[in-house]
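Residue numbers (this note's numbering), protein chains in the order written: chain G, 168 to 487; chain U, 3 to 360.
Just below is one structure, and these are the notes that go with it.
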Amino acid sequence: MDWVTTLGQLMNTTLVFSTALIFAALGGIFSERSGVTNLGLEGFMMFGAFAAAVATYYAEDAGMGSAAPWIGLIAAIVLGVITSLIHAVASITFKADQTISGIVINFLAAGATLYFVKLIFDGNGETPLLTQVFNKVAIPGLSSIPIIGEGLFHNYPTTYIAIVLVFVAFYVLFKTPFGLRLRAVGEHPSAADTAGINVNRMRYIGVMISGALAALGGATVTLTTTSTFAHNTISGQGYIAIAAMIFGKWNPIGAFGAAAFFGLSQAVRTYVTLFSWSKDIPQEFIYMLPYLLTIIVLVAAVGRSAAPAALGQPYDPGKR
Amino acid sequence: MSKILKLFSGSGAISIIAIVLGLIVGAVVMLIGGYEPLLAYKSLFSQVFGNTYDFGETLREITPLILTGFAFAFAARAGLFNIGGEGQFIVGMTAASVIGIKVHGLPIYIHAPLAVIAGGLFGGIWAALVGYLKAKRGVNEVITSIMLNWIALYLANFIVRHFLLMEGKQRSEDILPTASVSFPWLSDLMDSARIHWGMLIAVLCSVFFYYFMWKTKQGFELRAVGNNPNAAQYAGMNVGRNVVKAMFISGIFAGLAGAFQILGVFHYQSIMSGSPGTGFDGIAVGLIGMNNPFGILLGALLFGTLTYGSAGMSFGAGVPPELIRIVIGSIIFFIAAQGIVRGIIKPFYFKRKKEKVL
Numbered sequence: 168m169d170w171v172t173t174l175g176q177l178m179n180t181t182l183v184f185s186t187a188l189i190f191a192a193l194g195g196i197f198s199e200r201s202g203v204t205n206l207g208l209e210g211f212m213m214f215g216a217f218a219a220a221v222a223t224y225y226a227e228d229a230g231m232g233s234a235a236p237w238i239g240l241i242a243a244i245v246l247g248v249i250t251s252l253i254h255a256v257a258s259i260t261f262k263a264d265q266t267i268s269g270i271v272i273n274f275l276a277a278g279a280t281l282y283f284v285k286l287i288f289d290g291n292g293e294t295p296l297l298t299q300v301f302n303k304v305a306i307p308g309l310s311s312i313p314i315i316g317e318g319l320f321h322n323y324p325t326t327y328i329a330i331v332l333v334f335v336a337f338y339v340l341f342k343t344p345f346g347l348r349l350r351a352v353g354e355h356p357s358a359a360d361t362a363g364i365n366v367n368r369m370r371y372i373g374v375m376i377s378g379a380l381a382a383l384g385g386a387t388v389t390l391t392t393t394s395t396f397a398h399n400t401i402s403g404q405g406y407i408a409i410a411a412m413i414f415g416k417w418n419p420i421g422a423f424g425a426a427a428f429f430g431l432s433q434a435v436r437t438y439v440t441l442f443s444w445s446k447d448i449p450q451e452f453i454y455m456l457p458y459l460l461t462i463i464v465l466v467a468a469v470g471r472s473a474a475p476a477a478l479g480q481p482y483d484p485g486k487r
Numbered sequence: 003m004s005k006i007l008k009l010f011s012g013s014g015a016i017s018i019i020a021i022v023l024g025l026i027v028g029a030v031v032m033l034i035g036g037y038e039p040l041l042a043y044k045s046l047f048s049q050v051f052g053n054t055y056d057f058g059e060t061l062r063e064i065t066p067l068i069l070t071g072f073a074f075a076f077a078a079r080a081g082l083f084n085i086g087g088e089g090q091f092i093v094g095m096t097a098a099s100v101i102g103i104k105v106h107g108l109p110i111y112i113h114a115p116l117a118v119i120a121g122g123l124f125g126g127i128w129a130a131l132v133g134y135l136k137a138k139r140g141v142n143e144v145i146t147s148i149m150l151n152w153i154a155l156y157l158a159n160f161i162v163r164h165f166l167l168m169e170g171k172q173r174s175e176d177i178l179p180t181a182s183v184s185f186p187w188l189s190d191l192m193d194s195a196r197i198h199w200g201m202l203i204a205v206l207c208s209v210f211f212y213y214f215m216w217k218t219k220q221g222f223e224l225r226a227v228g229n230n231p232n233a234a235q236y237a238g239m240n241v242g243r244n245v246v247k248a249m250f251i252s253g254i255f256a257g258l259a260g261a262f263q264i265l266g267v268f269h270y271q272s273i274m275s276g277s278p279g280t281g282f283d284g285i286a287v288g289l290i291g292m293n294n295p296f297g298i299l300l301g302a303l304l305f306g307t308l309t310y311g312s313a314g315m316s317f318g319a320g321v322p323p324e325l326i327r328i329v330i331g332s333i334i335f336f337i338a339a340q341g342i343v344r345g346i347i348k349p350f351y352f353k354r355k356k357e358k359v360l
């Protein structure tokens with residue numbers, strides 16, 4: 168195997184593995200930039216993966232063919248927004264501890280998704296295998312460029328959406344009045360309030376966008392990788408997305424870089440077995456590597472993280 | 003004693019109402035699914051209290067939850083979010099396995115305690131690492147804990163696979179009988195339910211937790227740092243050292259939980275495909291117990307009973323056992339969003355309105 172193909176394929180696999188993380192990390196950013204900690208990303212991903220599996224299954228049944236996975240994506244967004252309201256109501260309206268409320272989402276998601284899978288599919292702990300899932304699409308012309316053609320332009324539609332969303336999110340957060348307001352609410356809510364911004368409303372919007380994006384991330388896992396939803400479809404990706412968000416300093420481009428890094432280290436797992444010099448490394452160390460490297464990078468280069476100033480604090484207008 | 007009671011009052015009523023509301027949410031979800039909630043809850047409790055074996059196994063289920071609950075709460079009191087109980091639990095398991103399998107020729111009264119202490123110590127060190135990185139480099143403790151959870155999982159698998167493996171199996175050899183902390187006399191009494199000394203140690207830990215946190219100068223410093231690090235520093239306390247100390251003690255609890263799981267329950271360690279989850283469940287227990295050591299005993303009792311009983315619910319009423327996660331999630335939701343609960347009980351009972359003193 169020549170190195171050009173290998174490099175292209177490695178890049179491709181990296182993006183496949185990072186897609187879900189990119190969505191979820193972007194989701195985390197919208198919530199946390201508005202000042203609401205979101206530890207529930209894992210839960211929102213579960214809800215999304217579940218909704219995508221069930222909706223796509225019924226859409227297939229109804230004979231919608233290749234449109235079915237798109238219905239799945241939409242269902243994931245809808246369920247993500249609805250469930251994000253639980254987090255929003257508890258942490259914004261009732262001023263509950265935001266960390267706790269995020270963990271509640273994870274518990275509810277772990278319970279509710281499997282409960283309803285078993286209910287809908289006669290006690291099975293797994294949804295039936297989907298036949299209509301996303302396939303890789305080659306972009307004409309661009310996909311024949313060496314290395315990056317295979318790496319970038321021969322991928323799942325969801326991956327293209329994720330990459331485009333990174334730049335959209337960056338633009339929205341840093342170049343539009345809406346983004347300025349969202350960030351203001353997360354940095355200094357009382358100043359934002361004085362300037363006429365409805366703090367709680369902005370935070371509701373932040374959390375809802377967050378739920379939608381994280382659910383899209385979960386749906387991606389179902390519709391490109393597993394083709395089914397079971398108890399282990401989402402196992403820890405939400406927490407990795409939180410890490411990617413912090414690693415990327417709450418900036419969409421940074422989070423994209425961090426997510427790609429985690430994706431790369433996951434992709435590398437399959438490639439190390441191919442070379443004679445690397446195949447004797449115990450697999451556990453290969454698995455461990457991304458997490459170890461993250462800590463090292465954080466300690467060596469990043470240091471103190473620049474979280475939004477009002478992160479985690481419910482807004483109380485009576486308090487100064 | 004009156005002070006212990008004082009810690010409960012106010013929050014106690016809310017917890018009880020939250021539990022009732024959580025069970026009601028569970029019942030509604032069961033009705034949506036076409037199940038019978040009353041039958042399900044009845045089967046849940048008869049699973050737990052139906053015979054001595056199951057009752058003993060419920061106690062077995064509760065024990066590690068108490069300790070991982072303490073692990074979360076102890077750090078929380080010092081203002082730290084220890085989401086790494088999972089990793090500390092795994093490290094504790096592994097350290098106990100290594101001592102339990104590899105150290106020969108010690109009498110039981112040295113070998114077993116040594117293995118338990120090793121589990122606690124390594125769990126503590128694993129957590130202290132997080133505290134150290136936060137104190138020295140300002141690295142967010144949530145992200146390092148999450149990373150260390152995964153590292154612990156793979157490290158444990160590596161150690162089991164390369165040093166402790168039982169020929170041809172995906173698990174370690176059995177620990178030596180001298181390292182066992184099982185409680186044979188009580189186990190026999192309970193139809194060989196896996197009862198071990200960890201239960202007693204866990205309860206004793208609650209006394210330690212209370213005494214250390216509220217009766218010693220060091221505990222006062224930890225809470226001061228947790229409430230306001232700047233004020234604590236201004237008062238001459240070393241914030242960094244307190245952060246490391248809080249994480250260390252917190253990790254000891256989780257490490258002990260892991261050690262007892264190996265030495266008292268399984269007597270061997272499997273190669274794990276995913277995290278066991280006990281550390282994460284400890285977060286829920288800590289929250290239900292409102293980070294109070296005696297509240298956590300009750301929280302673990304509730305969590306363990308519901309989890310162990312959920313199997314009965316599925317035999318007795320056909321309800322998927324996952325329902326219990328919805329119930330637990332709802333209970334935490336109502337405890338966290340106290341405004342909702344206060345709104346519900348206000349018309350009936352609400353005279354005192356006092357600030358929560360931690």
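The beta carbon of each residue, even a glycine, is placed where N, CA and C say it ideally should be.
For clarity, every value in this text was computed on a predicted model and none was experimentally measured.
Problem - Coarse secondary structure for U/Arg173, derived from DSSP in three states - result: Residue 173 of chain U sits at position 171 when you count from the first residue of the second sequence. Three-state DSSP puts U/Arg173 in a strand.
Practice task
Put U/Gly320 into one of helix, strand or coil per three-state DSSP.
Solution key: Here residue 320 of chain U refers to the residue found at position 318 of the second sequence. Correct three-state label for U/Gly320: coil.
Exercise for the section: State yes or no: is the beta carbon of G/Ile409 nearer than 8 Å to at least one beta carbon in chain U? Expected result: The residue labelled residue 409 of chain G in the question sits at position 242 within the first sequence. With 8 Å as the cut-off, G/Ile409 counts as an interface residue toward chain U.
Handout entry: Boundaries (first-last residue) of the alpha helix (DSSP H) holding U/Asp193
Key = The residue given as residue 193 of chain U occupies position 191 in the second sequence. Looking at the DSSP string, U/Asp193 is not in any alpha helix (DSSP H), and its letter there is neither H nor E.
Practice task
Could you tell me if U/Gly198 is buried or exposed, where buried requires 16 or more neighbouring beta carbons within 10 angstroms of its beta carbon?
Solution key: Here residue 198 of chain U is taken as the residue at index 196 of the second sequence, counted from 1. A quick correction: the sequence has His, not Gly, at residue 198 of chain U. Buried, by the Cβ-count rule.
Exercise for the section: Measure the CB-CB distance between G/Pro475 and G/Glu209 and report whether it falls below 8 Å. Expected result: To locate residue 475 of chain G, count along the first sequence from 1; it is residue 308. To locate residue 209 of chain G, count along the first sequence from 1; it is residue 42. Cβ distance not < 8 Å, so G/Pro475 and G/Glu209 don't count as in contact.
Practice task
Say whether the stretch 324 to 336 of chain U touches the stretch 268 to 279 of chain G, bearing in mind that this needs 3 or more beta-carbon pairs closer than 8 Å, one atom from each stretch.
Solution key: Enough Cβ pairs lie closer than 8 Å, so yes.
Practice task
Quick one: using the 10 Å Cβ neighbour count with 16 as the cut-off for buried, is U/Ser275 buried or exposed?
Solution key: Here the question's residue 275 of chain U lines up with position 273 in the second sequence. Per the 10 Å Cβ criterion, exposed.
Practice task
Residues of the stretch 427 to 438 of chain G with a CB closer than 7 Å to any CB of chain U: list them in chain order, please.
Solution key: Residues: none.
Handout entry: Distance between G/Gly373 and G/Phe283 (C-alpha atoms, nearest Å)
Key = What you label residue 283 of chain G is simply residue 116 of the first sequence in a count that begins at 1. What you label residue 373 of chain G is simply residue 206 of the first sequence in a count that begins at 1. C-alpha separation (whole angstroms): 28 Å.
Exercise for the section: Could you tell me if G/Ala467 is buried or exposed, where buried requires 16 or more neighbouring beta carbons within 10 angstroms of its beta carbon? Expected result: Here residue 467 of chain G refers to the residue found at position 300 of the first sequence. It is exposed - the Cβ of G/Ala467 has fewer than 16 other Cβ atoms within 10 Å.
Handout entry: Neighbourhood of G/Gly290 by C-beta, 7 Å cutoff - its chain only, sequence neighbours within 5 removed
Key = As a first step, residue 290 of chain G must be located in the first sequence, where it is residue number 123. Closer than 7 Å at Cβ, skipping near neighbours: no residue.
Problem - Against chain U: residues of the stretch 270 to 286 of chain G by CB proximity under 7 Å - result: Of all residues in the stretch 270 to 286 of chain G, Ile270, Val271, Phe274, Leu275, Ala277, Gly278, Ala279, Leu281, Tyr282, Lys285 and Leu286 have a Cβ within less than 7 Å of some Cβ in chain U.
Problem - Terminal residues of the alpha helix (DSSP H) in which U/Val183 lies - result: Locating residue 183 of chain U in the second sequence gives position 181, counting from the first residue. U/Val183: not part of any alpha helix (DSSP H); DSSP gives it neither H nor E.
Problem - Beta-ladder partner(s) of G/His495, from DSSP - result: There is simply no residue 495 of chain G to check, as chain G begins at 168 and stops at 487 in what is shown.
Handout entry: Exposed unless 16 or more other CB atoms sit within 10 angstroms - verdict on G/Ile463
Key = As a position in the first sequence, residue 463 of chain G is number 296, starting the count at 1. Burial is judged here by how many other beta carbons sit within 10 angstroms of a residue's own beta carbon; G/Ile463 has fewer than 16 and is exposed.
Practice task
Identify whether U/Ser99 lies in helix, strand or coil by the three-state DSSP scheme.
Solution key: Reading the second sequence from its first residue, position 97 is the one you call residue 99 of chain U. Here U/Ser99 sits in helix by DSSP.
Handout entry: Residues near U/Thr307 in its chain [Cβ-Cβ closer than 7 Å; skip 5 each side]
Key = The residue labelled residue 307 of chain U in the question sits at position 305 within the second sequence. When the five nearest sequence neighbours on each side are left out, the beta carbons in the same chain lying within less than 7 Å of the beta carbon of U/Thr307 are those of Val50 and Thr60, in order along the chain.
Exercise for the section: Pull up the CB-CB distance for G/Gly378 and G/Phe211, whole angstroms please, since I reckon it's below 8 Å. Expected result: In the first sequence, the residue the question calls residue 378 of chain G occupies position 211. In the first sequence, the residue the question calls residue 211 of chain G occupies position 44. G/Phe211 and G/Gly378 do touch by the CB rule: their CB atoms are close to 5 Å apart, below 8 Å.
Exercise for the section: Let me know if U/Lys247 comes out buried or exposed under the rule of 16 or more other beta-carbons within 10 Å of its beta-carbon. Expected result: Counted from its first residue, the second sequence places residue 247 of chain U at position 245. Result: buried.
Handout entry: Beta carbon of G/Gly247 nearer than 8 Å to that of G/His398
Key = Taking the first residue of the first sequence as 1, we reach residue 247 of chain G at position 80. Taking the first residue of the first sequence as 1, we reach residue 398 of chain G at position 231. It is not a contact, given that the beta carbons lie outside the stated cut-off.
Handout entry: Contact set for U/Leu7: own chain, Cβ-Cβ below 8 Å, skip 5 residues either direction
Key = As a position in the second sequence, residue 7 of chain U is number 5, starting the count at 1. Reliability fails at U/Leu7, whose pLDDT of 47 lies under 50, so the model's placement of it is uncertain and no value is given.
Handout entry: Through-space distance from U/Gly81 to G/Gly230, alpha-carbon basis
Key = Locating residue 230 of chain G in the first sequence gives position 63, counting from the first residue. Locating residue 81 of chain U in the second sequence gives position 79, counting from the first residue. Computed Cα separation, rounded: 54 Å.
Exercise for the section: Can you tell me which of the three DSSP states G/His254 falls into? Expected result: Sequence index remark: in the first sequence, residue 254 of chain G carries index 87 (1-based). Three-state DSSP puts G/His254 in a helix.
Problem - Inter-residue spacing [alpha-carbon to alpha-carbon] between U/Gln340 and U/Leu178 - result: Walking along the second sequence from the start, residue 340 of chain U turns up at place 338. Walking along the second sequence from the start, residue 178 of chain U turns up at place 176. Distance between the alpha carbons of U/Gln340 and U/Leu178 is about 49 Å.
Exercise for the section: Determine the direct distance from the alpha carbon of U/Ala75 to that of U/Ile285, and round the result to whole angstroms. Expected result: Position 283 of the second sequence holds residue 285 of chain U. Position 73 of the second sequence holds residue 75 of chain U. Straight-line spacing of the CA atoms in U/Ile285 and U/Ala75 works out to 8 Å.
Handout entry: Residues that DSSP places opposite U/Ser272 in a beta bridge
Key = As a position in the second sequence, residue 272 of chain U is number 270, starting the count at 1. Note: U/Ser272 sits in a beta bridge opposite U/Arg173.
Problem - Test: G/Ile462 CB closer than 8 Å to a CB of chain U - result: By one-based count along the first sequence, residue 462 of chain G stands at place 295. Closer than 8 Å: yes.
Problem - Cα-Cα separation, U/Pro66 to G/Ala192 - result: Taking the first residue of the second sequence as position 1, residue 66 of chain U is located at position 64. Taking the first residue of the first sequence as position 1, residue 192 of chain G is located at position 25. Computed Cα separation, rounded: 32 Å.
Problem - Bounding residues of the alpha helix (DSSP H) (the contiguous stretch that carries G/Ile463) - result: The count along the first sequence starts at 1 and reaches residue 463 of chain G at position 296. First-last of the alpha helix (DSSP H) with G/Ile463: Gln450 to Val464.
Exercise for the section: Ignoring anything shorter than 3 residues or poking outside the stretch 273 to 305 of chain U, list the beta strand (DSSP E) runs there in chain order. Expected result: Runs of beta strand (DSSP E) with 3 or more residues, each lying fully within the stretch 273 to 305 of chain U, are absent.
Handout entry: Rounded C-alpha distance that separates G/Ala382 from G/His321
Key = Here the question's residue 382 of chain G lines up with position 215 in the first sequence. Here the question's residue 321 of chain G lines up with position 154 in the first sequence. A direct Cα-Cα distance of roughly 24 Å separates G/Ala382 from G/His321.
Practice task
Just mark U/Gln172 as buried or exposed, buried being the case when its beta carbon has 16 or more other beta carbons within 10 Å.
Solution key: For the purposes of this step, residue 172 of chain U is taken as the residue at position 170 of the second sequence. Per the 10 Å Cβ criterion, exposed.
Practice task
Assign G/Asn365 to buried or exposed, taking buried as 16 or more other Cβ atoms, counted over all protein chains shown, within 10 Å of its Cβ.
Solution key: One-based indexing of the first sequence puts residue 365 of chain G at position 198. G/Asn365 sits exposed, since fewer than 16 C-beta atoms from the chains shown fall within 10 Å of its C-beta.
Exercise for the section: Assign U/Asp190 to one of two classes, buried (16 or more other C-beta atoms within 10 Å of its C-beta) or exposed (fewer than that). Expected result: Numbered from 1 along the second sequence, position 188 holds the residue referred to as residue 190 of chain U. Exposure of U/Asp190 is indicated by the presence of fewer than 16 other C-beta atoms within 10 angstroms of its C-beta.
Practice task
Tell me, please, which residues DSSP counts as bridged to U/His198.
Solution key: Numbered from its first residue, the second sequence carries residue 198 of chain U at position 196. U/His198 pairs with U/Ser184.
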